[in-house]
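S.K.:
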Amino acid sequence: MSIHPPAQLFPDQQWRQLLVQLDSLTEQQRLWLSGYLTGDVNIISSQPAIESAKTVTIAFGTETDNCRRLAGKLKDRCREGSIAADVVNMAGLRVRRLARLKYLVVITATHGDGDPPEPVGDFYEALMADDAPSLIGLRFAVLALGDSSYEQFCVTGKRIDQRLEALGGERLISRRDCDVDFEHPAGEWMSDLLSHLPESRSKFPQAAPVPSVSQKVQYGKHQPLEVEILANRTLSSPQREKPIHHLELALSVAEFNVNPGDAIGVLPENPAELVAAILDNIGLSGEQPVTLDDSAMPLVEALRKHRDLTIPGRGFLSAWGNLTGDPMLLEILGGDTSVQRTFLREHQILDLIQQRPARPEPQMFVDALRRLQPRLYDVANSLSVVDDELHLTVKAFHYLFRDREERGITSRFLLELQPGDRLWVYPHRNARFHLPDDPEAPLILVAEGTGIAPYRAFLQALSHRDSAPPCWLVFGESEFEEDFLYQLDLQQALAGGLLHQLDGVFYADQPERDLATPLLNQVDRLTDWLEWGGHIYLSGEKKPIEQCESRIQACLDDRLGEGYWKSLTKAKRVHRNLY
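In the working numbering, the protein residues as written are -9 to 569.
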């Protein structure tokens, strides 16, 4: 449901710009927004804080929205237990404020190989700094989300937990580290935590529901939208090992809120042959009934749409080891977590069930598997130009595993879709990668491969403005003749004045060049644009983009003074979209 605030709180113009103008809001407006973002529609709009000394601050750090949702759930449970609680985004939380708190709950994820969520980078850096404030008197608890298939599992939550203790804080309860199937363990952790939080002496007053202009669906991970595939075209050379496709999806609703720079979450399905191989090896019929989230369905549907059939996870390792009684598996289960992690990195589900066969009960099998996780893809169009479609740019993902090549589940699923097929999607906001508030700020856009997708949306949005800012695009791919993605769109933008500079870097044609080369070869222009208030955007695969950023940083720090690049980052003029 989409909630609309009372008119006296948010004028129409401010409401439309709210997510990019947080600093302009009053405390009353912030209170309403806090409730909106946490899904609490019974918001107290003018009440003073109740027993502020006992108020629990629930701080979340997220990129995929899971931690924000959990923070909202915890706030709801606190309210039910007459516990005063506020939810805050760590992206906007100042570390020195922690010294004024009595109770703090941190819910945060870890991304990539040990990185904190990108929006909370400033908070995380300040917390780890030598001049972080003493937190003696603070009582805290940490819930960490991660993916155990990565070596740095939940490391952001672990480091925050350790740092809060080192600064003088006292734990309310032990930290809980959650894998991708986090809902149940997170719920257990919350139940334990509630008994350690201070109950308010007085019950919360019941507030009248916020009036709503209309009742609209709020699409999300747990309420996705079904869309139809309109087109699936190859953008790059179809002969290349990892081709890139352009997909167009029919958008039949007006409430699907994505802006240029945002992404959509895609709910994939496992390939039919993998499902068949799994069923064949465990000796079960796909028609046998199972229950997932209180919904009954055939086993084949659960395996095709809802369960990860690639990565085993510790839960599956434990269940399969106990079922088979295999001495090696039992030894690994009783050993160090690093040994378990190494074993799991070297085995997929099919490897385990083929090497150590057993016939499980259908329900036990699906319960042991991890959830099939959605994947995020940048939106490659602006709804201000094409308002009834969503465009995606998808690259085939192949990887070596042991002695064989594997294909990525989601990219394979998407690239095999045909017009008329159906797909489930939801919007994902990427607030750190939107166009600047200043409509005249120069834009320096650096894209590697499919990282071009959000810039196509940017250019479409800029085409609807009365005037466009200076815009410089650097695009890297393999070959000019075969892999110049969206070449016609970009050349039209250049001819029409939307793009002031377009530099292509094609590695196979010019192996001596990389993404940073065009910028460093024109460093006077680069520094002029930045001195005029320019913003630089970096989008694409992590390794080449980070190498590009490192070279630019070294050049600018040498030219304009040590720390110049860091000052741009702190001013939120460096925007990263890495994967």
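C-beta atoms are modelled at their ideal positions from N, C-alpha and C, and glycine is treated no differently.
Taking threonine 400 as part of the beta strand (DSSP E), name the residues at either end of that continuous run.
M.R.: Looking at the DSSP string, threonine 400 is not in any beta strand (DSSP E); the run it does join, the alpha helix (DSSP H), is 399 to 405.
S.K.: For my contact list, lysine 92 and glycine 127 are in at a C-beta cut-off of 8 Å; report their separation, rounded to the angstrom.
M.R.: 7 Å between Cβ atoms; contact.
S.K.: Are at least three pairs of beta-carbons, each pair with one atom in the segment 436 to 445 and one in the segment 525 to 544, less than 8 Å apart?
M.R.: Touching, yes, given that three or more Cβ pairs across the two stretches are closer than 8 Å.
S.K.: Could you check the C-alpha separation between aspartate 30 and leucine 340 for me, to the nearest Å?
M.R.: Low local confidence applies: a pLDDT of 40 at aspartate 30 is under 50, so the model's placement there is unreliable, with the coordinate-based value given in what follows. When rounded, the distance between both Cα atoms is 43 Å.
S.K.: At a cut of 8 Å, does the segment 353 to 362 reach the segment 275 to 294 through at least three beta carbon pairs?
M.R.: Output reads yes: the segment 275 to 294 touches the segment 353 to 362.
S.K.: Since leucine 117 and valine 145 should fall inside the 8 Å C-beta cutoff, what is the C-beta to C-beta distance between them, to a whole number of angstroms?
M.R.: In fact, because the Cβ distance is near 14 Å, the residues do not count as touching under 8 Å.
S.K.: Compare the C-alpha of tyrosine 272 against each of Glu259, Leu293 and Leu282 and name the closest.
M.R.: A small fix is needed here, since residue 272 is isoleucine in this sequence, not tyrosine. Here the closest residue by C-alpha is Leu293.
S.K.: With distance defined between alpha-carbon atoms, name the residue in Ala386, His296, Val376 and Leu269 nearest to leucine 257.
M.R.: The residue with the shortest Cα to Cα distance from leucine 257 is His296.
S.K.: Who pairs with arginine 365 in a beta bridge, going by DSSP?
M.R.: Paired residue(s): Val256.
S.K.: Using 8 Å as the threshold, is the C-beta distance between glutamine 338 and threonine 300 below it?
M.R.: Cβ atoms of glutamine 338 and threonine 300: closer than 8 Å.
S.K.: DSSP on phenylalanine 172, reduced to helix/strand/coil?
M.R.: Coil at phenylalanine 172, not helix or strand.
S.K.: For chain C, is any of its Cβ atoms less than 8 Å away from the one on leucine 382?
M.R.: As a matter of chain content, chain C is missing from the structure shown, which is built from one protein chain.
S.K.: Can you round the beta-carbon distance between serine 253 and leucine 237 to whole angstroms, since I take them to be within the 8 Å contact cut?
M.R.: Contrary to the premise, residue 253 reads as alanine rather than serine in this sequence. Not a contact, Cβ separation roughly 13 Å.
S.K.: Going by DSSP, what residues sit across from methionine 287 in a beta bridge?
M.R.: DSSP lists Val280 as partners of methionine 287.
S.K.: Where do the ends of the beta strand (DSSP E) carrying valine 132 lie?
M.R.: Looking at the DSSP string, the run of the beta strand (DSSP E) that includes valine 132 is 129 to 135.
S.K.: If you draw a straight line from the alpha carbon of aspartate 298 to that of arginine 549, how long is it in whole angstroms?
M.R.: Taking the straight line from one Cα to the other gives about 49 Å.
S.K.: Can you check DSSP and say which residues form a bridge with valine 436?
M.R.: Paired residue(s): Val464 and Leu528.
S.K.: Is the segment 369 to 382 in contact with the segment 240 to 251, if contact means three or more CB pairs nearer than 8 Å?
M.R.: Segments in contact, yes.
S.K.: With a floor of 3 residues, list each beta strand (DSSP E) that falls wholly inside the segment 80 to 164, ordered by position along the chain.
M.R.: List check, beta strand (DSSP E) in window: 93 to 99 and 129 to 135.
S.K.: Comparing C-alpha positions only, which one of Leu404, Asp357 and Gln477 sits nearest to phenylalanine 465?
M.R.: Minimum Cα distance to phenylalanine 465 is reached at Gln477.
S.K.: Taking one C-beta from the segment 450 to 463 and one from the segment 209 to 228 each time, how about it: are there three or more such pairs within less than 8 Å?
M.R.: No contact exists between the segment 450 to 463 and the segment 209 to 228.
S.K.: Quick one: grab the DSSP three-state call for alanine 634.
M.R.: There is simply no residue 634 to check, as the chain begins at -9 and stops at 569 in what is shown.
S.K.: Checking the sheet assignment: what are the DSSP bridge partners for asparagine 420?
M.R.: Its beta-bridge partners do not exist; DSSP assigns none.
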